[in-house]
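Enquirer: Numbering (the UniProt record's numbering), first residue to last: 1 to 558. Note that CB positions come from ideal geometry on N, CA and C, so glycine has one too. Below: one structure in structure tokens.
Laid out in structure tokens, this is it:
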């Protein structure tokens, strides 16, 4: 039976996209894109209702060979996906690794409710042979197991194993019939056998070193002293040393070489437990469990899950915490993706510098200059013209004003009807905010005189403001504060075809005039301003250092 004939049966039982991705990676890597396209174009049972696989012969590989190849590739695929850290902590050897697979599957089932994982059990015979029992509801997939286990032994434990099927049967359980496969696991020797009997006496360094491996409590090591701290936690300092290298001497004895400097490094293992006095032995027994919270901490202290008691709650805590950390990592990735979408939308609605200030929480500006303008007798114009004519008039006028904002580097805040609002020094602070807005106002007046017959009123005021984006459906960048109200009063109390300034704006413009800026003003004197009382105001007449063409089309340098 060709592997493509058996492939649909294999993949039909897997319900999660991780298996699909691994299968696609295997076929494309080993057999090419054309083979994968042929598999997708078939009429076989679908996986997840989307991808179909064909049953035609493509490469002539038998099903069990392909499944073993899939098992090996699945392990490599898991490593590339970042699961190698978790898998390495299952055990310090292949037996411990297999013994903890079921515990790992039980925790994965908390997140993947529909997952139906196989079960594994290791049996050691009297003659020292290793048997692997495999139980699964899915028939015909047991050839995946040798591929996975051989890859695990090679990648994690630097050893080579081969697996052969000894027995194949079915067992009845409450959940239905399960396939029971017994594998014989043979380890291929890759180094000299060091398990042969050696001389019972070893070197002096080894004898003294082995005694130093025991945990030493930082209290007087007597029963009387320990009883004083019987309810306390004990911190044990273990020395993490490399594997000892043995070599023979002429007398037939074996002694170990001195460990390297890196082997002298030590780690602290915090354990919690209780002291029990053993009358029959005449000694104190310390029953404890290491206090670990994650697989990373487990690795740091050189332990594996197999080193923890089978029913120790620490095993559950480590696995559950690792699962929560992975879920948190995935949520963080989703949050970052949503954050990028939000920023993209924000940049689409607002200028980038405004959006950046909004994200940074910068809202208060100590000084800026605000301009308001409106059309004189706009109500009468609307009454005497067709609505579409009014729209065209405002659109033409605002288009010219918008061009001027780029010329003088000021920010257009909003337009409401015939009112036009501009600010200088926000959102990008600048010392020439008043001068930019003053030149913009002169440019507005010149642009209208060349095209339109109506007049506008313009008002300017300088002071502090708060800035921020308001609204949900149509968010807008708005300015708040008394400076906005005063600037609006300067416009409403102004005269047609005049640029009305407050005293604060006049002082700012005079500073540039004294440096050769060329602004000329006319003092209006004291006027009654609604809500403000008496104010001294001015009219901006012209900028002697800039021609009309410069004010309309060229930015004036200060």
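Spatial neighbours of residue 378 within its chain, please: C-beta separation below 6 Å, excluding the five flanking residues on both sides.
Expert: Result list for residue 378: 418, in chain order.
Enquirer: How about residue 30 and residue 69: do their beta carbons lie closer than 8 Å?
Expert: Yes; because the gap between Cβ atoms is below 8 Å, this pair is in contact.
Enquirer: Among 27, 501, 314, 319, whose alpha-carbon lies nearest the alpha-carbon of residue 522?
Expert: Nearest of 27, 501, 314, 319 to residue 522, Cα basis: 501.
Enquirer: Roughly how many angstroms separate the alpha carbons of residue 335 and residue 328, rounded to a whole number?
Expert: Computed Cα separation, rounded: 10 Å.
Enquirer: Kindly indicate the opening and closing residues of the alpha helix (DSSP H) around residue 86.
Expert: Per DSSP, residue 86 belongs to the alpha helix (DSSP H) from 84 to 88.
Enquirer: Taking one C-beta from the region 525 to 542 and one from the region 424 to 433 each time, how about it: are there three or more such pairs within less than 8 Å?
Expert: Judged by Cβ distances under 8 Å, the region 525 to 542 makes no contact with the region 424 to 433, as fewer than three pairs qualify.
Enquirer: In the DSSP assignment, find the unbroken alpha helix (DSSP H) run with residue 374 in it and report its ends.
Expert: Premise fails: residue 374 lies in the beta strand (DSSP E), 364 to 375, not in any alpha helix (DSSP H).
Enquirer: What separation, rounded to the nearest whole angstrom, lies between the Cα atoms of residue 474 and residue 36?
Expert: The straight-line gap from Cα to Cα measures roughly 48 Å.
Enquirer: Out of 145, 340, 77, which one is the CA nearest neighbour of residue 24?
Expert: Closest by alpha carbon: 77.
Enquirer: DSSP beta-bridge partners for residue 119?
Expert: Answer is 135.
Enquirer: Under the assumption that residue 161 contacts residue 153 (Cβ atoms under 8 Å), give the Cβ distance between them as a whole number of angstroms.
Expert: Right, their Cβ atoms sit about 5 Å apart.
Enquirer: Taking Cβ positions only, does residue 486 come closer than 8 Å to chain D?
Expert: Absence of chain D from the displayed structure is noted, only one protein chain being present.
Enquirer: Just to confirm before moving on: does the CB-CB distance between residue 84 and residue 116 stay below 8 Å?
Expert: Not closer than 8 Å, so no.
Enquirer: Could you tell me whether the Cβ atoms of residue 460 and residue 369 are closer together than 8 Å?
Expert: Contact flag set, yes.
Enquirer: Applying the 10 Å Cβ sphere with the 16-neighbour rule, what's the burial state of residue 408?
Expert: So residue 408 counts as buried.
Enquirer: If we ignore side chains and look at the alpha-carbon of each, how far apart do residue 549 and residue 425 end up?
Expert: If I take the Cα positions, the gap works out to 24 Å.
Enquirer: Going by the CB atoms, is the gap between residue 413 and residue 479 shorter than 8 Å?
Expert: A contact, by the Cβ cut-off of 8 Å.
Enquirer: Quick check on DSSP: helix, strand or coil for residue 183?
Expert: Residue 183: strand per DSSP, three-state reduction.
Enquirer: Given 8 Å as the limit, is there contact between the region 480 to 494 and the region 380 to 398, that is, 3 or more CB pairs closer than that?
Expert: No, they do not touch.
Enquirer: Does the count of Cβ pairs from the region 435 to 455 and the region 315 to 334 closer than 8 Å reach three?
Expert: No contact exists between the region 435 to 455 and the region 315 to 334.
Enquirer: Per the contact definition of three or more C-beta pairs closer than 8 Å, is the region 83 to 97 in contact with the region 143 to 157?
Expert: Touching, per the Cβ criterion.
Enquirer: Can you check which of these residues, 509, 541, 91, 547, is closest to residue 299 by C-alpha distance?
Expert: Among 509, 541, 91, 547, the Cα nearest to that of residue 299 is on 91.
Enquirer: Per DSSP, what kind of secondary structure is residue 431 in: helix, strand or coil?
Expert: Coil at residue 431, not helix or strand.
Enquirer: Can you tell me the Cα-Cα spacing of residue 453 and residue 387, whole angstroms?
Expert: Each residue's alpha carbon lies about 18 Å from the other.
Enquirer: Is the beta carbon of residue 509 sitting closer than 8 Å to the one on residue 433?
Expert: No; because the gap between Cβ atoms is not below 8 Å, this pair is not in contact.
Enquirer: Nearest CA to the CA of residue 305: which residue from 343, 489, 88, 364?
Expert: For the residues 343, 489, 88, 364, the minimum Cα distance to residue 305 belongs to 88.
Enquirer: Within the continuous alpha helix (DSSP H) that includes residue 75, where are the two ends?
Expert: That run of the alpha helix (DSSP H) goes 63 to 78.
Enquirer: What beta strand (DSSP E) runs, 3 residues minimum, are completely inside the region 275 to 338?
Expert: Within the region 275 to 338, the complete beta strand (DSSP E) runs of at least 3 residues are 283 to 290.
Enquirer: Under the three-state reduction of DSSP, which class applies to residue 502: helix, strand or coil?
Expert: Three-state DSSP puts residue 502 in a strand.
Enquirer: What is the DSSP secondary structure of residue 455, reduced to helix, strand or coil?
Expert: If DSSP states are grouped into helix, strand and coil, residue 455 belongs with coil.
Enquirer: Less than 8 Å between C-beta atoms, sequence neighbours within five positions excluded: which residues of the same chain meet that for residue 147?
Expert: 67, 68, 69, 70, 71, 72, 73, 74, 75.
Enquirer: Using alpha carbons as the reference points, say which of 470, 535, 477, 467 lies closest to residue 494.
Expert: It is 535 whose Cα lies nearest to the Cα of residue 494.
Enquirer: Given a threshold of 16 other Cβ atoms within 10 Å of its Cβ, counted over all protein chains shown, does residue 322 qualify as buried or as exposed?
Expert: Label assigned to residue 322: buried.
Enquirer: Distance check for residue 372 and residue 489, CA to CA, integer angstroms please.
Expert: Approximately 9 Å, taken between the alpha carbons.
Enquirer: Smallest Cα separation from residue 307: which of 97, 34, 544?
Expert: Nearest of 97, 34, 544 to residue 307, Cα basis: 97.
Enquirer: Count the other CB atoms, across all protein chains shown, that sit within 10 Å of the CB of residue 125; report buried if there are 16 or more and exposed otherwise.
Expert: So residue 125 ends up on the exposed side.
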